[in-house]
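J.: I am attaching a structure below and will ask some questions about it afterwards.
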């Protein structure tokens, strides 16, 4: 029994070690890619610093670029809002039916009634005769 437990622990340790080694490898790969390609946040920070330097030299031009950027952002927000409203307005027609629709006074078929009765009965496991 002790050998079996030792083998199980060794397999668990080996598996966990491989998982953490793979995670470390992926982490290193992502860090390398971030350094080579740069992150969007890093690019945005660089652009912000460049804009600040440009604004110190040309304050009126910076105000115009800020206004242009704000207008572009408003246009994006308006497009997203319009798309959301249009998608909510369009009926897909793929909704599931609410249930069987029978005409007034018409009874359900026998197989439907039988299955409804079966669904209402509570199932219990067979009792042992002890």
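In the working numbering, the protein residues as written are 4 to 133.
We put the beta carbon where it would ideally sit given N, CA and C, even for glycine.
State the start and end residues of the unbroken alpha helix (DSSP H) segment that holds residue 196.
T.: Given a span of 4 to 133 for the chain in the structure shown, any question on residue 196 remains unanswerable.
J.: State the Cα-Cα distance for the pair residue 88 and residue 36, rounded to the nearest angstrom.
T.: Taking the first residue of the chain shown as 1, we reach residue 88 at position 85. Taking the first residue of the chain shown as 1, we reach residue 36 at position 33. About 39 Å.
J.: Tell me the rounded alpha-carbon separation between residue 157 and residue 23.
T.: Outside the displayed span of the chain (4 to 133) sits residue 157, for which this structure offers no information.
J.: Quick check: what's the CA-CA separation for residue 118 versus residue 6?
T.: Within the chain shown, numbered from 1, the residue matching residue 118 stands at position 115. Within the chain shown, numbered from 1, the residue matching residue 6 stands at position 3. Whole-angstrom Cα-Cα distance: 55 Å.
J.: Among the candidates 39, 8 and 68, whose CA atom is the shortest distance from the CA of residue 50?
T.: Walking along the chain shown from the start, residue 50 turns up at place 47. Selected option, being the one with the closest Cα: 68.
J.: For residue 72, tell me which candidate among 86, 54, 85 and 83 has the shortest Cα-Cα distance.
T.: Here the question's residue 72 lines up with position 69 in the chain shown. The residue with the shortest Cα to Cα distance from residue 72 is 54.
J.: State the Cα-Cα distance for the pair residue 75 and residue 40, rounded to the nearest angstrom.
T.: Position 72 of the chain shown holds residue 75. Position 37 of the chain shown holds residue 40. The straight-line gap from Cα to Cα measures roughly 26 Å.
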